[in-house]
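**Student:** Numbering (UniProt numbering), first residue to last: 1 to 487.
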C-alpha cells in the first residue's frame with residue numbers, strides 16, 4: 001500500500017487523476033442518462049490507480065491496460081458528442097509509457113485508435129480521421145513526456161547513487177586518514193620521546209648509584225618525574241594504538257542519505273570493528289547494491305541492515321519491506337555481491353562456486369575444458385558452439401565469467417563481445433586463444449575484453465585467471481601486450 005500511495009502522489013499520476021475526474025464531470029453535466037458512463041469511468045479510474053501498484057504481476061497489469069483501453073472506447077461510444085472521452089486514451093498512453101516498452105505502448109495505442117475511428121464513424125462523425133489524428137498527436141506528446149520524465153527520474157537516481165558513493169567513500173577515507181595520522185604520532189612518541197626518556201631514566205639511575213650523589217632530593221625528584229612522564233607517554237601511545245576501527249556506521253548512513261527511499265535502519269553488533277579499508281569498501285558495495293535492488297526492483301520503503309561478527313568473519317543480514325518479484329532470478333548485481341564477498345572474506349562465505357559460460361566451436365575442446373574446470377571447482381552452467389548461441393543463452397542464465405574462443409563460425413568471439421557490451425551486459429569475458437596474436441588482442445581489448453589466455457595454460461593459471469577476472473581485474477597475460485599498452 002505505501003508503494004501505491006507513492007505512485008499516486010507523483011505529478012504525472014496526479015495529473016492523470018485530475019484529467020479522469022474532469023472527464024467524469026463533463027459526463028455528469030450532459031443531458032440524458034449518465035449513470036452507465038460514470039460506472040464505466042469508475043472502472044477505468046480503478047484500473048488507473050491499480051496500474052501503479054508495484055506488487056501487481058506484469059501479466060495482470062497488461063490485462064488491466066487492455067481493459068482500460070476497452071473501457072475508454074466504450075465511453076467514446078456512449079458519449080460521442082461530449083468530445084472528452086478520447087482524452088482517456090491520452091491518459092492511458094501516458095501511463096503505459098511509464099511502465100512498458102515502446103513496442104507494447106505503440107501496439108495498444110494503435111489498436112485503440114483504430115477502434116475509436118470505427119466508433120466515431122459509426123456514430124456519424126463527419127471527420128472521424130481528423131479526430132483520431134488529433135488525439136493521436138496528444139497521445140504521442142503525452143507518451144514522450146512520460147518517457148522522458150521516467151528517464152530523468154532514473155538519471156537522477158543514478159546521480160544520487162554516485163553522490164552517495166562519493167560521500168560514503170569520503171567518510172571512510174577521512175576516518176582512515178585520521179587513523180593513519182594517529183598511528184604516525186604514536187610511532188613518533190614511541191620512537192623519539194619514549195626512547196629519550198628511557199635513556200634519561202637509565203642515566204638518572206646510574207647517577208643515583210653514585211655514593212656521592214645518592215639520596216639527593218633533586219635527583220630523586222628527577223627520577224620520579226621521568227618515570228611518571230614515561231608512564232604517561234606509554235598510556236598515550238597505547239590509547240592512540242587502540243584499534244577502534246573505521247566509522248562504518250557514518251559511512252553507511254552517508255551512503256543512504258541522498259535516497260528519499262528506502263530508509264536505512266542500521267544495527268552494528270557490539271564489538272564489531274572493521275579496520276581494513278578494503279573490507280569496509282566491500283561492505284559499502286554490498287549495502288549499496290542491496291539499497292539499489294530494494295528501491296528499483298522491490299519498491300521498498302525501509303531496509304533493515306544488521307552487521308555482526310561470527311568466527312572472525314562479518315555477517316551482514318539485509319531485509320526490506322518491498323514487494324517480492326513473480327520469479328526470483330539472480331542477476332549481475334547479486335553475482336557482483338558474491339564476488340565482492342568472496343574476494344575480501346574468502347570463497348567459503350559466498351556459498352557457491354564461480355559460474356562460467358563456455359563458448360567454443362570444437363566439442364572436444366569444450367569437453368576437455370569442462371572437465372578441467374570442474375576439477376578446479378569452477379561450475380560450467382552453459383555451453384555454446386558459436387557467438388549468437390552464447391548471446392541468446394546469457395539472456396536467461398547469468399554467469400560470473402564468460403570463457404570464449406576467438407575464432408568461431410558465424411558470430412566470432414570478438415563480435416559476440418561487442419554485442420554483449422552494446423546491450424549493457426558487463427559480465428567479465430576471458431578470451432581463449434590458441435596462438436599469441438597481438439592484432440586479435442588489440443581488437444578484443446577495444447571491444448571490452450577483460451582477459452586473454454592461451455588454451456594450453458596450466459590449470460593453476462586458468463583458475464587464477466578466472467578468479468582475477470571475476471574479481472574485476474584485467475588480465476593481459478600471457479599473450480603479447482605491447483600493442484595494447486601502446487594504445
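Ideal Cβ placement from N, Cα and C applies to all residues, glycine included.
Please name the residue, chosen from 139, 306 and 391, that lies closest to residue 420 on a Cα-to-Cα basis.
**Tutor:** Here residue 420 corresponds to residue number 420 of the chain shown, with the count starting at 1. The shortest Cα separation from residue 420 among 139, 306 and 391 belongs to 391.
**Student:** Considering only their Cβ atoms, is the gap separating residue 123 from residue 77 smaller than 9 Å?
**Tutor:** For this step, residue 77 is matched to residue 77 along the chain shown. For this step, residue 123 is matched to residue 123 along the chain shown. In contact: residue 77 and residue 123 (Cβ atoms closer than 9 Å).
**Student:** Tell me the DSSP secondary structure of residue 380 in three-state form.
**Tutor:** Translated into the one-based positions of the chain shown, residue 380 becomes position 380. Here residue 380 sits in strand by DSSP.
**Student:** I'd like to check one pair, residue 452 with residue 462: are the Cβ atoms closer than 9 Å?
**Tutor:** Your numbering for residue 462 matches position 462 in the chain shown. Your numbering for residue 452 matches position 452 in the chain shown. Not a contact, by the Cβ cut-off of 9 Å.
**Student:** Using the C-alpha atoms, what's the distance from residue 155 back to residue 88?
**Tutor:** Your numbering for residue 88 matches position 88 in the chain shown. Your numbering for residue 155 matches position 155 in the chain shown. One C-alpha to the other measures close to 29 Å.
**Student:** In whole angstroms, what is the alpha-carbon distance linking residue 202 and residue 253?
**Tutor:** Reading the chain shown from its first residue, position 202 is the one you call residue 202. Reading the chain shown from its first residue, position 253 is the one you call residue 253. One C-alpha to the other measures close to 52 Å.
**Student:** Does the beta-carbon distance from residue 16 to residue 94 come in below 9 Å?
**Tutor:** Residue numbering aside, residue 16 sits at position 16 when the chain shown is read from its first letter. Residue numbering aside, residue 94 sits at position 94 when the chain shown is read from its first letter. Yes, the Cβ-Cβ distance between residue 16 and residue 94 is below 9 Å.
**Student:** Relative to the alpha-carbon of residue 72, which residue among 82, 41, 59 and 63 has its alpha-carbon at the smallest distance?
**Tutor:** Residue mapping note: residue 72 aligns to position 72 of the chain shown, counting from 1. If we check each option's Cα against that of residue 72, 41 comes out closest.
**Student:** Could you compute how far the alpha carbon of residue 113 sits from the alpha carbon of residue 128?
**Tutor:** Counted from its first residue, the chain shown places residue 113 at position 113. Counted from its first residue, the chain shown places residue 128 at position 128. Using only the alpha carbons, I get a separation of about 11 Å.
**Student:** So residue 389 packs on residue 430, CB below 8 Å; how close in whole Å?
**Tutor:** For the purposes of this step, residue 389 is taken as residue 389 along the chain shown, with counting starting at 1. For the purposes of this step, residue 430 is taken as residue 430 along the chain shown, with counting starting at 1. With a Cβ gap of about 18 Å, residue 389 and residue 430 do not count as contacting.
**Student:** Below 8 Å on the Cβ atoms is my contact criterion, and I expect residue 382 with residue 393 to pass it. Report the Cβ-Cβ distance as a whole number of Å.
**Tutor:** Looking up residue 382 in the chain shown gives position 382. Looking up residue 393 in the chain shown gives position 393. Sure, about 5 Å apart at Cβ, within 8 Å.
**Student:** Among the candidates 62, 35 and 116, whose CA atom is the shortest distance from the CA of residue 74?
**Tutor:** For the purposes of this step, residue 74 is taken as residue 74 along the chain shown, with counting starting at 1. Per the Cα distances, 116.
**Student:** Taking contact to mean 3 or more Cβ pairs, one atom from each stretch, closer than 8 Å, check whether the stretch 303 to 318 and the stretch 261 to 272 are in contact.
**Tutor:** Yes, the stretch 303 to 318 is in contact with the stretch 261 to 272.
**Student:** With H, G and I counted as helix, E and B as strand and the rest as coil, what does DSSP make of residue 361?
**Tutor:** Counting from one through the chain shown, the residue named residue 361 turns up at place 361. Coil.
**Student:** Could you pull out every residue in the same chain whose Cβ sits closer than 7 Å to the Cβ of residue 470, ignoring the five residues on either side in sequence?
**Tutor:** Here residue 470 refers to the residue found at position 470 of the chain shown. If we look at residue 470 and ignore the five residues flanking it on each side, its Cβ neighbours are 339, 354, 400, 401 and 428.
**Student:** Quick one: measure Cβ to Cβ for residue 143 and residue 97, integer angstroms, because I've assumed they're closer than 8 Å.
**Tutor:** Position 143 of the chain shown, counting from 1, holds the residue named residue 143. Position 97 of the chain shown, counting from 1, holds the residue named residue 97. At roughly 4 Å, the Cβ-Cβ gap stays under 8 Å, so residue 143 and residue 97 are in contact.
**Student:** Considering residue 404, what are the terminal residues of the beta strand (DSSP E) in which it resides?
**Tutor:** The count along the chain shown starts at 1 and reaches residue 404 at position 404. Counting along the chain, the beta strand (DSSP E) containing residue 404 begins and ends at 401 to 405.
**Student:** Consult DSSP for residue 218 and reduce its assignment to one of helix, strand or coil.
**Tutor:** The residue you call residue 218 lines up with position 218 of the chain shown. Three-state DSSP puts residue 218 in a helix.
**Student:** In whole angstroms, give me the CA-to-CA distance for residue 92 and residue 108.
**Tutor:** Stepping through the chain shown from its first residue, residue 92 is reached at position 92. Stepping through the chain shown from its first residue, residue 108 is reached at position 108. Their Cα atoms are separated by approximately 9 Å.
**Student:** Sort out for me which residues DSSP pairs residue 304 with in a bridge.
**Tutor:** For this step, residue 304 is matched to residue 304 along the chain shown. Residue 304 is bridged to 265 and 319.
**Student:** Which one or two residues does DSSP pair with residue 356 in a beta bridge?
**Tutor:** Translated into positions along the chain shown, residue 356 becomes position 356. Answer is 380 and 401, bridged to residue 356.
**Student:** Thinking residue 223 and residue 271 are a contact (beta carbons under 8 Å), I'd like their distance in whole angstroms, please.
**Tutor:** Counting from one through the chain shown, the residue named residue 223 turns up at place 223. Counting from one through the chain shown, the residue named residue 271 turns up at place 271. Not really, about 41 Å apart at Cβ, beyond 8 Å.
**Student:** Name the residue from 321, 30 and 199 whose alpha carbon lies nearest to the alpha carbon of residue 227.
**Tutor:** Along the chain shown, read from residue 1 onward, the residue named residue 227 stands at position 227. Out of 321, 30 and 199, 199 has the C-alpha closest to the C-alpha of residue 227.
**Student:** Mark residue 485 as exposed unless 16 or more other C-beta atoms lie within 10 angstroms of its C-beta, in which case mark it buried.
**Tutor:** Taking the chain shown and counting its residues from 1, the one referred to as residue 485 is at position 485. Because the pLDDT at residue 485 is just 43, under 50, the model does not fix this residue reliably, and the value given afterwards should be weighed accordingly. Its Cβ having fewer than 16 others within 10 Å, residue 485 is exposed.
**Student:** Quick one: complete alpha helix (DSSP H) runs, 4+ long, within the stretch 22 to 99?
**Tutor:** Whole alpha helix (DSSP H) segments, 4+ residues: 35 to 50, 58 to 78 and 87 to 99.
**Student:** Measuring alpha carbon to alpha carbon, tell me which of 475, 67 and 384 ends up nearest residue 46.
**Tutor:** Reading the chain shown from its first residue, position 46 is the one you call residue 46. For the residues 475, 67 and 384, the minimum Cα distance to residue 46 belongs to 67.
**Student:** Taking residue 451 as part of the beta strand (DSSP E), name the residues at either end of that continuous run.
**Tutor:** If you number the chain shown from 1, residue 451 lands on position 451. Residue 451 -> beta strand (DSSP E) spans 451 to 454.
**Student:** What are the boundary residues of the alpha helix (DSSP H) that includes residue 475?
**Tutor:** Locating residue 475 in the chain shown gives position 475, where the first residue counts as 1. Run containing residue 475: none; DSSP gives neither H nor E here.
**Student:** Would you tell me roughly how many angstroms separate the C-alpha atoms of residue 316 and residue 472, rounded to the nearest one?
**Tutor:** Reading the chain shown from its first residue, position 316 is the one you call residue 316. Reading the chain shown from its first residue, position 472 is the one you call residue 472. Near 22 Å, if we compare the C-alpha coordinates of residue 472 and residue 316.
**Student:** In three-state terms, what does DSSP make of residue 415?
**Tutor:** Residue mapping note: residue 415 aligns to position 415 of the chain shown, counting from 1. Three-state DSSP puts residue 415 in a helix.
**Student:** Exposed or buried, residue 184, counting other C-beta atoms within 10 Å across all chains shown (16 or more means buried)?
**Tutor:** In the chain shown, residue 184 corresponds to position 184, counting from 1. When all chains shown are included, residue 184 counts as exposed.
**Student:** Mapping the DSSP letters down to three states, classify residue 10 as helix, strand or coil.
**Tutor:** Start at 1 with the first residue of the chain shown, and residue 10 comes out as number 10. Residue state, collapsed to three classes: coil.
**Student:** On the three-state DSSP scale, how would you describe residue 433?
**Tutor:** Within the chain shown, the letter at position 433 stands for residue 433. Three-state DSSP puts residue 433 in a strand.
**Student:** Please confirm if residue 430 has its CB atom under 9 Å from at least one CB of chain C.
**Tutor:** Although the question refers to chain C, the structure presented lacks it and comprises just one protein chain.
**Student:** Using a 10 Å radius around the Cβ and a threshold of 16 neighbouring Cβ atoms, would you call residue 235 buried or exposed?
**Tutor:** Against the chain shown, residue 235 aligns to sequence position 235. Label assigned to residue 235: exposed.
**Student:** Rounded to the nearest angstrom, how far is the Cβ of residue 418 from that of residue 447, given a contact under 8 Å?
**Tutor:** On the chain shown, residue 418 is found 418 positions in, with the first residue counted as 1. On the chain shown, residue 447 is found 447 positions in, with the first residue counted as 1. With a Cβ gap of about 5 Å, residue 418 and residue 447 count as contacting.
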